[in-house]
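-18 is the number of the first residue of the sequence shown in my numbering; add one for each residue after it.
Beta carbons are placed, not taken as given, at the ideal position from N, Cα and C, and that holds for glycine.
Bear in mind the structure is a predicted one, so any value in this text is a computation, not a measurement.
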Amino acid sequence: MPRVKSEDFVFLDEGSIDARCTWRELVIAEFARTGVGAYALVRGRTDKPKTLGGGTISSWLSGRAKQAKLNHIRYALECWKVVSPLVKISENARKQLKQCRDETGIGLSRLLKISDQIPNRLTAGMVNGW
């Protein structure tokens, strides 16, 4: 049974709802599975616990935090459970998009709008970040 600091807090590097891993490992696994970061996970959510923000979740991922409010962790894990993973795109596809942009002079936003071969959820901002 994991140590509990008080009724509301858990130690991140000890047991969790899954006996095979710690709370931190669960959080890191969901981040890795979805690609959705700490700030994006809670941005715009009106149902989140009042004191839970992206910085808190980021501190769990980085290892800076040693403990966390149990209701915060459960909320974040539920959010990650329902989000779709971000688009993963190959290096070759990335190069093709950049080459098309360079050859045509058409901006990435326009290229994405006129193409019928772009994966759902891929945005010009994502491509610009490459």
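Which residues does DSSP pair with residue i in a beta bridge?
i       : result
Lys112  : Since the displayed the chain opens at -18 and closes at 111, residue 112 lies outside it and no answer follows.
Thr3    : Gly(-4)
Val(-9) : Ala49
Buried or exposed, going by whether 16 or more other CB atoms sit within 10 Å of the CB of residue i?
i       : result
Arg91   : exposed
Cys60   : buried
Glu84   : exposed
Glu11   : buried
Ile38   : buried
Ile54   : buried
Val(-9) : buried
Lys94   : exposed
Are the CB atoms of residue i and residue j nearer to each other than 8 Å?
i       : j        : result
Ala19   : Gly(-4)  : no
Trp41   : Arg5     : yes
Val17   : Leu67    : yes
Lys50   : Asp(-11) : yes
Leu(-7) : Gln48    : yes
Leu89   : Leu58    : no
On the DSSP letters alone, give me the boundaries of the alpha helix (DSSP H) that residue i sits inside.
i     : result
Ala57 : 51 to 63
Ile95 : 89 to 95
Ser71 : Taken as a continuous stretch (DSSP letters only), Ser71 belongs to no alpha helix (DSSP H), as it is neither H nor E.
Gly35 : 35 to 43
Leu22 : 19 to 23
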